[in-house]
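What follows is one structure encoded as structure tokens, with my remarks underneath.
In my numbering, the protein residues as written are 40 to 509.
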């Protein structure tokens with residue numbers, strides 16, 4: 040009597056997959072598409088919904104032009120559809136089909152056999168597909184993420200987000216298609232933000248500023264999103280179509296953001312002198328990607344280096360208006376002062392007398408000098424101060440100052456995320472520049488500190504760099 044073989048036995052002669060698995064593959068095209076679509080969408084819905092330094096909410100919106108991950112589901116479906124019509128479906132056929140469809144996105148895979156097949160091939164079979172590609176590749180509006188320090192109104196950076204993922208696509212003898220999520224680190228995203236040719240306009244407190252990259256290190260950010268996938272309440276670590284509503288993701292975000300900008304206040308503000316500074320922000324990132332940047336454990340370190348003020352605008356927009364107001368105040372007593380400042384011919388012409396009465400050593404003896412020397416009266420100090428002021432005022436009006444007056448550097452001691460504006464933050468590591476680094480500023484400081492003014496009057500900008508931003 041001739042021996043009769045079962046259908047499964049006969050199929051196993053030509054295929055390494057049990058008949059029920061072959062059928063699961065044939066029916067798995069739609070389910071595999073749903074699962075890979077769900078993974079892609081959940082990355083956007085969960086992982087990429089936080090605002091980040093330098094780019095703000097730029098990752099919230101899908102980049103349909105560059106998003107290669109969004110196409111994986113269709114390519115996987117095409118691969119399964121390509122073998123579903125075969126009389127016998129083998130693992131090598133599906134390896135070849137997956138390789139052919141996904142080849143541009145395969146990470147380090149050069150042959151179909153490098154797509155790893157695991158499982159007993161009777162109750163289940165899994166294909167491990169290492170994928171790498173781009174999710175976002177576009178420009179984004181520059182957003183430092185620190186409104187108390189700098190708010191950018193224009194300027195853009197380049198944002199590149201890529202993914203690495205071992206897609207473990209499986210088929211079960213129960214007919215289910217699944218994604219195996221049993222391993223740690225199911226996927227990772229690499230974010231790289233660069234700033235080629237960065238030019239910014241923005242607001243620093245009350246100051247309008249323009250900014251450009253200061254050089255090495257350039258303004259930018261690198262970060263890695265590590266992603267672990269969970270499949271729901273059961274413990275089988277197999278995400279099926281029915282478990283998509285329970286699909287969860289968690290993991291870490293590790294990296295660093297750097298801002299390194301040369302700032303210059305906008306000359307459009309006619310009432311303020313032009314300021315320059317180097318703004319340096321170093322912001323370490325080590326948190327859950329579900330934690331908003333406002334709650335990251337590591338605070339950004341903010342420094343203002345090489346703060347300086349344009350000498351020309353400092354004298355014309357700040358110093359001279361002050362002196363103009365003083366001169367207006369003194370105008371009613373000017374006729375009296377003119378008399379007091381008249382040259383005394385005899386006392387000025389005879390050298391021994393001139394040496395006694397010429398208290399300011401300008402080679403001339405005035406009435407006020409003669410009276411002060413003869414009486415020793417302090418009541419004449421005001422007249423002397425006014426006389427000295429007029430000499431200083433003439434110098435201020437005629438000066439042609441150029442270059443930058445260096446002021447110094449300081450560090451923001453307060454976490455800038457916790458204050459509404461920089462003026463509310465504590466400052467530390469204040470380092471003033473060489474007080475004699477700019478000739479005209481040095482002369483102004485020396486002449487306004489004259490004791491004749493009762494202790495002098497000063498311009499805090501010349502001695503305290505952080506005063507420039509209050």
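Ideal Cβ positions, reconstructed from N, Cα and C, are used throughout, including at glycine. On a predicted model such as this, the values are computed, not experimentally measured, just so you know.
- Just so you know, the alpha carbons of residue 235 and residue 373 end up roughly 60 Å apart.
- Sequence-distant partners of residue 330 (beyond 5 residues in either direction) whose C-beta falls short of 7 Å from its own C-beta are missing from its chain.
- Excluding sequence positions up to five before and after residue 57, its CB lies within less than 6 Å of the CB of 161, all in the same chain and listed in chain order.
- Between residue 315 and residue 302 a beta carbon distance of about 7 Å is seen, short of the 8 Å cut, so the two are scored as contacting.
- Taking the C-beta atoms as reference points, residue 228 is found no nearer than 8 Å to residue 168.
- The region 338 to 353 makes contact with the region 312 to 326: 3 or more CB pairs, one atom from each, lie closer than 8 Å.
- Counting along the chain, residue 391 sits inside the alpha helix (DSSP H) bounded by residues 390 to 396.
- By the CB criterion at 8 Å, residue 175 and residue 145 fall outside the cutoff.
- DSSP places residue 221 outside both helix and strand once states are collapsed to three, so it counts as coil.
- In the displayed model, residue 166 falls within a strand according to three-state DSSP.
- The beta carbon of residue 408 is closer than 6 Å to those of 396, 398 in its chain, skipping five residues each way along the sequence.
- Positions of the beta strand (DSSP E) runs, each at least 3 residues long and wholly inside the region 307 to 371, are given as 314 to 327, 340 to 349 in order along the chain.
- Apart from the 5 residues on each side of it in sequence, residue 190 sits with its Cβ closer than 6 Å to the Cβ of 241, 242 in its chain, given in chain order.
- Residue 140 and residue 104 have their C-alpha atoms spaced approximately 19 Å apart.
- Here residue 288 has 81, 82, 85, 86, 266, 267, 268, 269 as same chain residues with Cβ atoms under 8 Å from its own Cβ, once five neighbours each way along the sequence are excluded.
- Remark: three or more beta-carbon pairs, one from each stretch, lie closer than 8 Å, so the region 180 to 188 and the region 452 to 469 are flagged as touching.
- Looking from the CA of residue 293, the closest CA among 261, 279, 284, 393 belongs to 261.
- In this structure, the CA atom of residue 321 is about 43 Å from the CA atom of residue 436.
- In the structure shown, residue 441 falls within a coil segment according to DSSP collapsed to helix, strand and coil.
- In the displayed model, residue 99 falls within a helix according to three-state DSSP.
- A direct Cα-Cα distance of roughly 20 Å separates residue 291 from residue 285.
- Separation of the CB atoms of residue 337 and residue 360 is rounded to 44 Å, and the pair is thereby denied contact status at 8 Å.
- Shown here, residue 289 sits in a strand according to DSSP, grouped into three states.
- The beta carbons of residue 170 and residue 204 sit closer together than 8 Å.
- C-alpha of residue 479 to C-alpha of residue 440: approximately 7 Å in a straight line.
- Following the DSSP letters along the chain, one finds residue 252 inside the beta strand (DSSP E) bounded by residues 246 to 252.
- Within the same chain, Cβ atoms closer than 8 Å to the Cβ of residue 466 are found at 449, 450, 451, 452, 505, the five residues on either side in sequence being excluded.
- With a cutoff of 8 Å on beta-carbon distance, residue 214 and residue 66 are scored as near each other.
- In terms of CA proximity to residue 238, 251 leads the group 231, 137, 251.
- Using a 10 angstroms sphere on the CB of residue 319, the tally of other CB atoms reaches 16 or more, which defines it as buried.
- The residue from 116, 212, 110, 122 with its alpha-carbon nearest to that of residue 63 is 212.
- Of 257, 226, 221, the smallest CA-CA separation from residue 273 is found for 221.
- Under the criterion of beta carbons closer than 8 Å, residue 483 and residue 358 qualify as touching, at roughly 7 Å.
- For residue 117, the secondary structure class from DSSP, reduced to helix, strand or coil, is helix.
- Its Cα nearest to that of residue 258, the residue 231 stands out among 61, 231, 364, 326.
- For the pair residue 158 and residue 209, the CB atoms are nearer than the 8 Å cut-off.
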